[in-house]
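Q: Here it is, the structure, as C-alpha cells.
Number of protein chains: 2
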Amino acid sequence: MGQPSSLEISRASELKPIEDVAGEMGLGSHLLEQYGRGVAKVDLAAIEDLADRPKAKYVVVSAVTPTPLGEGKTTTTIGLGQGLNRTGRRAVIAIRQPSLGPTLGIKGGAAGGGHSQVVPMERLNLHLTGDMHAVTAAHNLLAAMVDDHLFRGNALGLEPADVSWRRVLDVDDRVLRNIVVGLGSRTDGTPRQTGFDITAASEVMATLALSTSLRDLRERLGRIVVGYTRRPEQRPVTAEELHAAGTMTVLLRDALKPNLLQTLENTPALVHCGPFGNIATGNSSVVADLIGIHAGDYLVTEAGFGADMGAERFFNLKCRVSGLVPDAAVLVTTVRALKVHSGRHKVVAGRPLPTELMAENPDDVLAGANNLRKQIGNIRLHGVTPVVAINAFPTDHPSEHDAIRRVAEEAGVRCALSTHFAEGGRGATELAEAVAEAADEPGGFRFLYSLDAGLRKKIETIATQVYGADGVDYAPAAAGALDLYERRGWGGLPICVAKTHLSLSSDPSLRGAPTGWRLPVREVRASVGAGFIYPICGDMRTMPGLGSDPAAAHIDIDDHGDTVGLF
Amino acid sequence: MGQPSSLEISRASELKPIEDVAGEMGLGSHLLEQYGRGVAKVDLAAIEDLADRPKAKYVVVSAVTPTPLGEGKTTTTIGLGQGLNRTGRRAVIAIRQPSLGPTLGIKGGAAGGGHSQVVPMERLNLHLTGDMHAVTAAHNLLAAMVDDHLFRGNALGLEPADVSWRRVLDVDDRVLRNIVVGLGSRTDGTPRQTGFDITAASEVMATLALSTSLRDLRERLGRIVVGYTRRPEQRPVTAEELHAAGTMTVLLRDALKPNLLQTLENTPALVHCGPFGNIATGNSSVVADLIGIHAGDYLVTEAGFGADMGAERFFNLKCRVSGLVPDAAVLVTTVRALKVHSGRHKVVAGRPLPTELMAENPDDVLAGANNLRKQIGNIRLHGVTPVVAINAFPTDHPSEHDAIRRVAEEAGVRCALSTHFAEGGRGATELAEAVAEAADEPGGFRFLYSLDAGLRKKIETIATQVYGADGVDYAPAAAGALDLYERRGWGGLPICVAKTHLSLSSDPSLRGAPTGWRLPVREVRASVGAGFIYPICGDMRTMPGLGSDPAAAHIDIDDHGDTVGLF
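Okay, here's the thing in C-alpha cells:
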C-alpha cells in the first residue's frame, strides 16, 4: 500500500462550499463569482467592503537560497496557514498561480504537496480561471499591434531593431526563443528577429500583480514601453501611443480579480498572478493581499526563491505599492539545502538525491549555515522579525534539526520544526505559535532604499547589503541604459535585480554566503508599466525548454476519465 | 436619442439565474458548474441524464451565399429561438463561440445584435470560459513536443520539411504566418520554417467540435498526424507516438463541456467551439447538440457561411458523427445579398453600403435569386425541408421582400419575414410558425455520399451536385496526396472542401449560381484526428491580419470601469 500520493490525498479531501470559505473571510456572495466547483473570483469591491474590519497580522514566507529542487516554500505557506487555524487563529494564505509551461514541461503539478495542498489541485495546476491565458492574450495583442504599426508605415518611427516587446506563451518551447517573423509576401508584414517568452515572464503579468485597481492597471498598461524610435532620439514608444492599453485592460478585467480556493483543511487560499522570480517580483498580487489583510487574523503570503530575491522585492516593491506593513517573515530552511550550502554536496533536478547527502551529518548542516545567517540578516535589514521554519523531510536526522535550531538560537531568532507535509496543520502548530509570537513584537519595518537615491545607488545598496557583494560593475551598455533611463525620468523607479536564485551571488555555482565578489550588471531594462528597472546579471532564461522526460508525456485520463500523472 | 445600441440593449436586459435557465432544459444543478455570472458549463453526463426525455425537432440555420458583411445567420438563430418561445414552444439554440482574433482585430464583438443577442455579451466575446485558450494550449503543447523530438535526436525519423503541425494563437497577427523557429544556439532547438494559424483553424478545435465523449476526444487526439517520416516511407507520425495526446485531453477536459448562456429573452443558448468554416466544419459542437436535442421542443443550431459550406458539412460530417437527424433547415436571405448576387452591386467590408444598393429595386433581387434557388436545392439534396427566412433590414423595401417571397413560392418553399433584430422574438413569430410546420413534415434525411465511395468520387459529388461545377481538376500534388491517403487507409473519411464562402464556386468574384466551371483542387490535406480530408481550392487564409482600424484601438474602460467600444 505505502503512503498515499499527493493526488490521492487531494482527491480524498472534503472541500467546503467556496461561498462558505468566503463567508468566513467576511466576503458576501455579492463579491463572489463561481468559476467551476471549489473556485471563485473575488470582486475588487471587497477591498472597500472589508476596510472596516480589523487588520490581520501580515506574514511573508521566504527561504534560504534554494537548491534546484526548491525547499517547500509553498507547502510551508499552506501548512502554516493550516497550523494557525489549528491553534485557534483565523488565517488566509496568498500564493502565486503555477505556470502551465513548467507543470507540463518538466515536473508535473505543484501547489504544495502531501497534507499541505491547495485544492482543487487539477484546476489550480491547469487553466484555473484563465488568468494566465488572459495575460497571454493581452500581451500578444500588443505585439500584433506593434508589428502592424511597422507594416502600416511606422508613423511613430519605431526602430525595428529596438523593439523590445516580444510575444509570450505558457508552454515550454525552446524553439520559440529566437525566431524571425514576417516572412512570406508583402502583406505578411515586416521581417524582423524576435522571440517568445513564457507568460510568467510577461511585463503584463508583472503589471497585473502590482496593480491596485482596474484604473491603476489601465494606467500602468498605457505606460508599457514596447521599443524606441530611431536614433538619435530613441524616444520610448508606449502601449498608449499604439492605442492598445484599453483593450489590454478589458482583456484583463476578470484576470485582475483574485481567485479563491482552499487548502485541504479548508483554510482560504487566494491564488493570484505568477510573475517570474528573477526578471520580475516573484510575488503574488497586491490586490489579493489588499483583500486578505482584512479577512482574518493572519495573512500568510509567499515570496519566490530566497530572501535575497522574493522577500527583498516583497519589501521594497510590493509593500511600497500596497502600503501594507509586514509583521513577521518566515525563512523556510531544509537540512538538504544547508548541506548543499556547505559546498560538500550537489543536487541536480531530475536526478535522485545522492546517498551521502542523506547520511546523518549535522556538521555539514553547520558548514552551510552561513546562508541561513545571511538571509536572517536580509530580513532584519528591513526591520522585520524572522522565524526559521525547518521544513522536515523523512530523510532528515534529529541531530541535523538540532544544528539548525542552534544556528537560529545564536542569531536570536525563533525556530520551529514543521511536519506539515506529512501531517498537515497539526504538524505546523509549533511554527504557528512561533510566528504568532514574532508578529506580536513591536514592528520597525523600513524600506532598504529611498526611491530618490538614484538608480546606481539603489542597485549598489541591494548588491552590497543584501547579496554581500563588494560592489557593482556595469558593462558599457548597462551604464548607458542607466544614464538614458535617468534622463527619461525613470530614475525614481525601484529596482528588481535579475540574477540567479541559486546563489546569494550572481554565480549560481557559489554556495553559502559568498564574499569577495562584485555584481556584474550586463544589461539594464525597464518595466515601466509594472514600475521597476531591472539590471540583468548573468543569463536569464525567459523561455524554458521541455525536459528530457516531461510530465506531459505521462499525463492522461484513466478508464474512468480521471486525470492521472499530473502529480 | 435615436435607437439604443446593441451594447445598451444588452446591458439593459434582465438575465435569469443560469440554473433556472438550465432547469427549464431539464438540467439539474449536479450537471452544472457556474463560470462567472450568467455562464455555466454543462457536464457531458447530461447526455445520458436527458436520454429518456422526448427528442426535440432539430433545425439547422444556414444561408444564401453571404456578402463579406454576413447576412445575420447568428442573429436569425437567436431570433428564431426567441420566436419559437414566443409562440409557446420551448426552444434551445446552439451557436459557435466567437474568435477573439477577429473580434479585436477587425470588427468588434458579435453574437447576434439588436434585440437578438446572447448575453452576457462581454464574456461571450472575450474569454468566455477559456475554451479557446485551452485549445491553444493543447495545440501548442503538441507543437513543442514535435520540435523537442527533432531536438533530441528525432528517433521517429520525422522529416523536418514535412512537419505539417503549426502553432496557433487567438489573435490577428500577420507576421506570425511565416516564421523561422529554432534560431540561436544549439540548445535553442533545430531551425526550421513554420508559422502560426488562428486558434479557430486548429485541428484540435475541429476535433473538439466533432468528439462525442471524453474517451472519443482522447482517441481522436491520438490520431492527429503532425508530419511524415523521411522519404520513401513517408509514414504518418501521430500525437500518440509523441506521447502528447493524454496531456492534450487533460488540457481540454473542461473545454469539452458546452457553455450555457441565454438570449436577451432568456432562451437557453449552448455556445461551444468555433472551428473555421472553410478548412473545417464551421459548426458548433456535437456534444452541445447531443445535450440540446433532449432539452426542449426545438433545437436550433447554426452552420457557418452558405448552405453549400456549413450546412453541407452539418449534414455529411456533423450529423454522421452525432447520429442526429435534422427536421428542417432555415435559409437566411437578405435583400442586400440577392442584389449583390445579381452582379450589379458590390459591397466591401469596412466601407459604407453604396447608395444605389439601398434604392428600391425588386428586379435586382430577382436577378440574384439563382443563388437562393441553388441553396434551396442544396438543402433538398439531403432530403430536408427548407424555410426561407428574410432577415429584414431598415433599408429594405416591401416590394423587395415580395420578390423573395415569390421566388420561394415558385420553388414550393415556405418563406417568412423576420424582424428579430429590431423586435426580438416578437419579430420572428412568422418564421417560428413556418419552421414548426416544416419540421412536422415527414422527413427523408439522407447523406449526400456514402463513405466508401472513394475520395475522388466524394469530392466530385460535392463539387457537381452542391457547387454546380462541371467537374474537378486536381493539381499533381493533390492527386498524389489522394492516392497516398487511400493507401494509408484514410479513403473512408468524409470530405470538407476548403473553398471561398463568398461564391458557390471556388472563385470569390463569381455571383449568383455560377455554371460552366470546374473546381480546381490545388492541394489536399488530412485532419485525421478530427476525421476528414480537406481538398484546398484557392487561397485559404488561416491567420488574419489586424484591420487598418481594428476594434482593439477603440475598446477601453470608461470612468465607471465599464467596457466601451466592444460592440
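In the order they appear, the protein sequences are chains W and R.
Residue 379 in this note's numbering sits at position 379 of the first sequence; the count goes up by one each step and never skips.
To convert, count from 1 in the second sequence and add 1000; that's this note's numbering.
Heads up, the beta-carbon is just placed ideally off N, CA and C, and yes, glycines get one too.
Here the structure is a predicted model, which is why all the values come from computation and not from measurement.
Just verifying my parser: in three-state terms, what is the DSSP assignment at W/L270?
A: strand
Q: Smallest Cα separation from W/T212: which of W/V287, W/E240, W/T187 and W/V163?
A: W/V287
Q: Identify the continuous alpha helix (DSSP H) that holds W/R86 and give its terminal residues.
A: K73 to R86
Q: Taking all protein chains shown into account, do 16 or more other C-beta atoms lie within 10 angstroms of the C-beta of W/E33, making it buried, or fewer, making it exposed?
A: buried
Q: Does DSSP put W/T65 in a helix, a strand or coil?
A: coil
Q: Helix, strand or coil: how does DSSP classify W/T207 here?
A: helix
Q: If distances are taken between C-alpha atoms only, which option among R/L1455, R/G1292, R/A1428 and R/P1535 comes closest to R/P1054?
A: By alpha-carbon distance to R/P1054, the top candidate from R/L1455, R/G1292, R/A1428 and R/P1535 is R/G1292.
Q: Quick one: measure Cβ to Cβ for W/L261 and W/A255, integer angstroms, because I've assumed they're closer than 8 Å.
A: At roughly 16 Å, the Cβ-Cβ gap does not stay under 8 Å, so W/L261 and W/A255 are not in contact.
Q: With DSSP as the reference, identify every bridge partner of W/E33, one or two as the case may be.
A: W/K41
Q: Counting only Cβ pairs nearer than 7 Å, list the residues of chain W close to R/G1130.
A: H127, G130 and H133
Q: Given a cut-off of 8 Å on the beta-carbon distance, is the pair R/L1050 and R/G1026 in contact?
A: yes
Q: Counting only beta-carbon separations shorter than 8 Å, does W/Q97 have a partner in chain R?
A: no
Q: Taking the beta carbon of R/P1476 as the centre, do at least 16 other beta carbons fall within 10 Å, making it buried, or is it exposed?
A: exposed
Q: 8 Å is my cut-off, CB to CB: does R/F1567 come that close to chain W?
A: no
Q: For the region 1139-1154 of chain R, which residues have a CB atom closer than 8 Å to at least one CB atom of chain W, in sequence order?
A: Cβ contacts with chain W come from N1140, L1141, A1143, A1144, M1145, D1147, D1148, F1151 and R1152.
Q: The beta strand (DSSP E) that contains W/C415, what's its start and end?
A: Annotation: the continuous beta strand (DSSP E) that includes W/C415 extends over R414 to S418.
Q: Would you tell me roughly how many angstroms separate the C-alpha atoms of R/R1351 and W/D483, rounded to the nearest one?
A: Rounded to the nearest angstrom, the two C-alpha atoms are 49 Å apart.
Q: At what residues does the alpha helix (DSSP H) containing R/L1431 begin and finish?
A: Its alpha helix (DSSP H) spans residues T1429 to D1440.
Q: Any idea what DSSP makes of W/I291, helix, strand or coil?
A: helix
Q: By the 8 Å beta-carbon criterion, what residues does the region 1030-1045 of chain R contribute toward chain W?
A: E1033, Q1034, Y1035, G1036, R1037 and K1041
Q: Taking C-beta pairs closer than 7 Å, name the residues in chain W that R/V1243 reaches, listed in chain order.
A: Val is not the amino acid found at residue 1243 of chain R; the sequence shown has His there. Those are A553, listed as they occur along chain W.
Q: Taking C-beta pairs closer than 9 Å, name the residues in chain R that W/G545 reaches, listed in chain order.
A: A1144, D1148, F1151, T1187, D1188 and G1189
Q: So W/S548 contacts chain R; which residues on that side make the cut at Cβ distance below 8 Å?
A: R1152
Q: Note down, in chain order, each residue of its chain lying with its Cβ closer than 8 Å to the Cβ of R/I1009, except the 5 sequence neighbours on either side.
A: G1114, H1115, Q1117 and L1264
Q: Taking the Cβ atom as the reference point for each residue, do W/A140 and W/V168 lie within a distance shorter than 8 Å?
A: Checking the sequence shown, residue 140 of chain W turns out to be Asn, not Ala. Yes, these two residues count as a Cβ contact at 8 Å.
Q: For the region 1153-1181 of chain R, which residues have a beta carbon sitting closer than 9 Å to at least one beta carbon of chain W?
A: Of all residues in the region 1153-1181 of chain R, those with a C-beta nearer than 9 Å to a C-beta of chain W are R1167, L1169, D1170, V1171, D1172, D1173, R1174, V1175, L1176, R1177, N1178, I1179, V1180 and V1181, reading in chain order.
Q: Check each residue of the region 1329-1357 of chain R: if its Cβ is closer than 8 Å to any Cβ of chain W, include it; give the result in chain order.
A: none
Q: DSSP state of W/F276, grouped into three classes?
A: coil
Q: Cβ closer than 8 Å: which chain R residues qualify as neighbours of W/T563?
A: V1250 and R1253
Q: Taking the straight line between their C-alpha atoms, what separation do you get for W/G547 and W/P102?
A: 9 Å
Q: Please name the residue, chosen from R/A1040, R/P1494, R/L1080 and R/L1069, that lies closest to R/Y1058 on a Cα-to-Cα basis.
A: R/L1080
Q: Starting from the beta carbon of W/A137, find every residue of chain R whose beta carbon is closer than 8 Å, and list them in chain order.
A: In chain order: L1100, H1127, H1133, D1170 and V1171.
Q: Taking CB distances under 8 Å as the criterion, tell me whether W/D556 reaches chain A.
A: Protein chains in the displayed structure are W and R, and chain A is not among them.
Q: Quick check on W/L214 - is its C-beta less than 8 Å from some C-beta in chain R?
A: yes
Q: Give a yes or no on contact between the region 424-439 of chain W and the region 382-390 of chain W, applying the rule of three or more CB pairs nearer than 8 Å.
A: yes
Q: List in chain order: all unbroken alpha helix (DSSP H) runs of 4+ residues lying wholly within the region 107-185 of chain W.
A: Within the region 107-185 of chain W, the complete alpha helix (DSSP H) runs of at least 4 residues fall at 121-125 and 131-151.
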